[in-house]
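A short write-up of the structure that comes next.
Okay, here's the thing in structure tokens:
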């Protein structure tokens, strides 16, 4: 084989990927973010599949909505559990508050897209502006989730009469108010356990996201990315934020609507 043909062969192989090129034009940082998100997808998928497996092991409540009371015999109806709205005590508003939370989080994903787009234009002012709106959306969502947890823990005024096995392994019948990891007025103990674990795990991700957003916001504001000559960090954090938003769509659908 001639030296010319050998050189052509090496050149053609390098054209596919000789090791020095970026596959799919993705930088090392972006690839690592995608790998991390892929591992997190498996984690959330395992949690949600576990939730569904436990959910279908209980019968659904089949009575009229006005007669619903918590019981260990059937799974609670989400719209009859999550019906409270701040400052509107006693008002029946099924899933209104969690719907507002979801809208806020999805809206923050839109502002994140605008921040990434501004980064592609190297427009520092727009990046800072849209990052600030995204941070406000994330913080507001976390505040809403904190209120929802607080209301879930404290429970309703009436509570529910439940029979359950207490910590001393004795059967107890009493009026239960609110929820903890052992018993809750809404239904089986697994309902509250899964609620705290799944929404808490997602809230932990949102909290990390808000911290990352604030760091990127600060660096953009002081001109760190201008000196680097690119805003790739905004795009990488944007991938994480979109993932967090997408996961919430599945959590909302499976936990609150089914």
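In the working numbering, the protein residues as written are -10 to 247. Just so you know, even glycine gets a beta-carbon here, dropped at the ideal spot from N, CA and C. These numbers come from a predicted model, not from an experiment.
According to DSSP, residue pairing for residue 173 in a beta bridge involves 168, 176.
For residue 162, the secondary structure class from DSSP, reduced to helix, strand or coil, is strand. The count of Cβ pairs closer than 8 Å, one atom from the stretch 178 to 196 and one from the stretch 221 to 241, reaches three, so the stretches are in contact.
Each residue's CA atom was taken as its position, placing residue 132 and residue 36 some 24 Å apart.
Within the stretch 17 to 103, the complete alpha helix (DSSP H) runs of at least 4 residues fall at 17 to 45, 67 to 70. Across the set 97, 205, 140, 47, the C-alpha of 140 shows the shortest separation from the C-alpha of residue 78.
The C-beta separation of residue 199 from residue 128 comes to about 6 Å, placing the pair in contact by the 8 Å criterion. Shown here for residue 19: same chain residues with a beta carbon closer than 8 Å to its own, the five before and five after excluded, namely 221, 224, 225, 228 in chain order. Assignment of residue 211 by DSSP, reduced to helix, strand and coil, places it in the coil class. Residue 119 has its alpha-carbon roughly 14 Å from the corresponding atom of residue 204.
Comparing alpha carbon positions, the residue from 242, 245, 244, 231 closest to residue 100 is 231. Counting other Cβ atoms within 10 Å of its Cβ, residue 177 reaches 16 or more and is therefore classed as buried. Cβ contact annotation for residue 40 (same chain, cutoff 6 Å, sequence separation greater than five): 183, in chain order. Between residue 71 and residue 87, the C-beta gap is smaller than 8 Å, which places the two residues in contact. In terms of Cβ geometry, residue 148 and residue 164 form a close pair [threshold 8 Å]. About 7 Å separates the beta carbons of residue 144 and residue 168, which is inside the 8 Å limit, making them a contact pair. In this structure, the CA atom of residue 191 is about 21 Å from the CA atom of residue 173. Spanning the alpha carbons of residue 181 and residue 61 requires a straight line of approximately 12 Å. Residue pairing of residue 149 in beta bridges, as defined by DSSP: 165.
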